[in-house]
Amino acid sequence: MSYIDETIERVIQQNPSQPEFHQAVKEVLESIRPVIEKDEEKYRKNALLERLTTPERQILFRVPWVDDNGQVHVNNGYRIQFNSAIGPYKGGLRLHPSVNLGIIKFLGFEQVFKNSLTGLPIGGGKGGSDFDPKGKSDREIMAFCQSFMNELYKYIGANEDVPAGDIGVGGREIGFLYGQYKRLTNQYEGVLTGKGLSYGGSLARTQATGYGLLYITEEMLKANGIDLKGKTVVVSGAGNVATYAIEKAWQLGAKPVTCSDSTGWVYDPDGIDVALLKEVKEVRRARLTEYAAKKPKAQYHEGRGVWSVKCDVALPCATQNELLIDDAKALVKNGCIAVAEGANMPTTIEATQYLQQNGVLFIPGKASNAGGVATSALEMSQNSERLSWTFEEVDAKLKGIMINIFHNLDKAAKDYGYEKNYVVGANIAGFLKVLDAMNCQGIV
Ligand code: NDP
Ligand code: 2IT
């Protein structure tokens, strides 16, 4: 059996009940097959793929906290330090009831290749908890974040592991986490990114993932002779990534017409009103029904369904496995020309293959949502030099990074005979730098 197939089997066997982790490993390993199979025996002897698919360190901990009624709750806390070959572990923290070890491992694994693609010196990690922030008071959120940090602080540091936000973790949570880290360690350092501007945050970090997604989408379309201007865009999600993807889509002359949350979705024929969306989601933390209530022409639907709306470009920006094979079929039927992932692994492997086979340009999240972590790395640079850059400076660097990512993965795809297969291109381009660093550093 080939080394790649053997590794996939071993990962499935050794990590039972972690389907998302299996899926992420399969996607990457299938893509890097042409690299590995050139020198399979050498890699097998060095157990390269065993090391690549086994986290360097997995930290699991108890998070007890007290709610406003005095009731004690216990959640599971995770930090997976996946690979530090090219820099300190870097990656977000997710707070969502669906979080489990397999989900954090899939996210940490993806982060390794994403961070490599940015061209910046950051390794891959991810963490989080099955804590559900929905409906909690600010005091309860603080109690949870402080308890979470009481354990996590032992394993992180500005040169060691630098967490940030993800689903359920935004500016409020990063503030509470940072305050507790500082209290425990007495260190005022760039240990977290996505910080507030008054205590070391970077301008444009809030916007970075969504903006970066649109910069790379525009570049991919341009490379294929297509103009983003005038295109109808369908977006899922209504959180950090979706909101700023919608904002930048407008700025680049496209028209975003949908957004969604975990209970329903909105189609607004006039295009999504960004100010209203921010008011509903960022300020009031409310449901999308409140968006529809303010916009007589907007339609609100319960459940899922944004992919049934006719569009030119689709941007899944909510969560993993939210774009399934039937959604891919609907997109193709409606003439969609490009799918760019804002979320991590939102498209199933089957749906991805269907889109690619039907000529839809498809760019995977590890490339197209890398603007968030890239700007986190820019925040780390600013913290190290104790300076802050202007919004324009950070935004220009972000745009340059996204354009570079596209051309690097486009070139890798061509070099290995997979022209226009941006999944293969992204995985190979991300992998090669990690491979080189791992080879140089010996058996560790
Ligand atoms: P947010 O918490 O800000 O928003 C998440 C959005 O997705 C919300 O609208 C939420 O709905 C919806 N959502 C979450 N889980 C589900 C689910 N199981 N089913 C349906 N809808 C769901 O998170 P982000 O915008 O930060 O993250 C979105 C995606 O982007 C994630 O995959 C994340 O890993 C990825 N990402 C984020 C980056 C960042 O910088 N923040 C960087 C790169 C990738 P509701 O409001 O009802 O909870
Ligand atoms: O998935 C991701 O890249 C993030 N959630 C952002 C990570 C970061 O360190 O900014």
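No gaps in the numbering here: position 167 of the sequence shown is 1401 in this note's numbering, and each next residue is one more.
Cβ coordinates follow ideal geometry from the N, Cα and C atoms, glycine included.
Proximity below 8 Å, CB of residue i to CB of residue j
i: VAL1514; j: ILE1356; result: no
i: ILE1401; j: HIS1307; result: no
i: CYS1570; j: VAL1594; result: yes
i: GLN1675; j: ALA1281; result: no
i: ALA1577; j: GLY1409; result: no
i: LYS1370; j: GLN1252; result: no
i: SER1363; j: VAL1333; result: yes
i: CYS1551; j: LEU1522; result: no
i: ILE1583; j: GLN1247; result: no
i: MET1383; j: LEU1411; result: yes
i: ALA1398; j: LEU1354; result: no
i: ILE1375; j: GLU1344; result: no
i: ASN1249; j: PRO1322; result: no
i: SER1265; j: LYS1667; result: no
i: GLY1498; j: GLY1459; result: no
i: GLY1359; j: PHE1316; result: yes
i: PRO1490; j: ILE1506; result: yes
i: ASP1561; j: ALA1532; result: no
i: VAL1467; j: ALA1488; result: yes
i: PRO1598; j: ALA1646; result: no
i: GLU1347; j: LYS1648; result: The amino acid occupying residue 1347 in the given sequence is Phe; Glu does not appear at that position. Not in contact: PHE1347 and LYS1648 (Cβ atoms no closer than 8 Å).
i: GLY1424; j: MET1614; result: yes
i: GLU1254; j: ILE1337; result: yes
Nearest-angstrom Cα separation, counted from residue j out to residue i
i: SER1432; j: GLY1405; result: 12 Å
i: SER1602; j: GLU1575; result: 6 Å
i: LEU1341; j: MET1579; result: 9 Å
i: THR1352; j: GLY1326; result: 16 Å
i: GLY1361; j: VAL1543; result: 34 Å
i: ILE1242; j: ASP1301; result: 43 Å
i: GLN1380; j: VAL1475; result: 25 Å
i: PHE1596; j: LEU1589; result: 7 Å
i: GLY1473; j: GLU1516; result: 8 Å
i: SER1618; j: GLY1391; result: 12 Å
i: HIS1641; j: GLY1664; result: 13 Å
i: GLU1284; j: LYS1324; result: 21 Å
i: ALA1520; j: SER1496; result: 12 Å
i: ASN1568; j: GLU1626; result: 37 Å
i: GLU1385; j: ASN1309; result: 13 Å
i: GLY1434; j: ASP1366; result: 27 Å
i: ARG1373; j: GLY1304; result: 12 Å
beta-carbon residue i near the ligand 2IT non-hydrogen atom, thresh 7 Å
i: SER1610; result: yes
i: LYS1631; result: no
i: GLN1345; result: yes
i: THR1440; result: no
i: LYS1429; result: no
i: LYS1339; result: no
i: GLY1369; result: no
i: GLY1353; result: no
i: ASN1578; result: yes
i: LYS1260; result: no
i: GLY1361; result: no
i: VAL1467; result: no
Close Cβ partners of residue i (< 8 Å) along its chain, the five nearest in sequence each way excluded
i: LEU1632; result: ALA1438, ALA1442, TYR1445, GLY1446, TYR1449, GLY1605, ALA1608, THR1609 and LEU1612
i: GLU1274; result: SER1236 and TYR1237
i: LEU1486; result: LEU1448, GLU1452, LEU1462 and LYS1463
i: VAL1297; result: VAL1308, ASN1309, ASN1310, GLY1311, SER1363, PHE1365, PHE1378, SER1381, PHE1382 and GLU1385
Proximity test, residue i beta-carbon vs the ligand NDP heavy atom, cut-off 7 Å
i: ASN1280; result: no
i: CYS1551; result: yes
i: HIS1535; result: no
i: LEU1502; result: Just to set this straight, residue 1502 is Asp in the shown sequence, not Leu. Not under cutoff, so the answer is no.
i: ASP1400; result: yes
i: THR1497; result: yes
i: ALA1476; result: yes
i: HIS1256; result: no
i: GLN1414; result: no
i: ALA1574; result: no
Close Cβ partners of residue i (< 6 Å) along its chain, the five nearest in sequence each way excluded
i: GLN1292; result: ILE1314
i: VAL1259; result: VAL1245 and THR1287
Nonlocal neighbours in the same chain, by C-beta distance under 7 Å from residue i, ignoring five residues either side
i: TYR1387; result: TYR1415, LEU1418 and THR1419
i: TYR1650; result: PRO1268, VAL1658 and ILE1662
i: VAL1628; result: SER1436, LEU1437, ALA1438, THR1609 and LEU1612
i: ARG1683; result: Because the chain in this structure spans residues 1235 to 1678, residue 1683 falls outside the shown range and cannot be described.
(request) Please confirm if the stretch 1537-1555 is in contact with the stretch 1413-1429, defined as three or more CB-CB distances below 8 Å between the two stretches. (result) Output reads no: the stretch 1413-1429 does not touch the stretch 1537-1555.
(request) Say whether the stretch 1452-1463 touches the stretch 1493-1506, bearing in mind that this needs 3 or more beta-carbon pairs closer than 8 Å, one atom from each stretch. (result) Between the stretch 1452-1463 and the stretch 1493-1506 there are fewer than three C-beta pairs closer than 8 Å, too few to call the two in contact.
(message) Would you call the stretch 1472-1483 in contact with the stretch 1507-1524, where contact means no fewer than 3 C-beta pairs closer than 8 Å?
(response) Taking 8 Å as the limit for Cβ pairs, the verdict is that the stretch 1507-1524 does touch the stretch 1472-1483.
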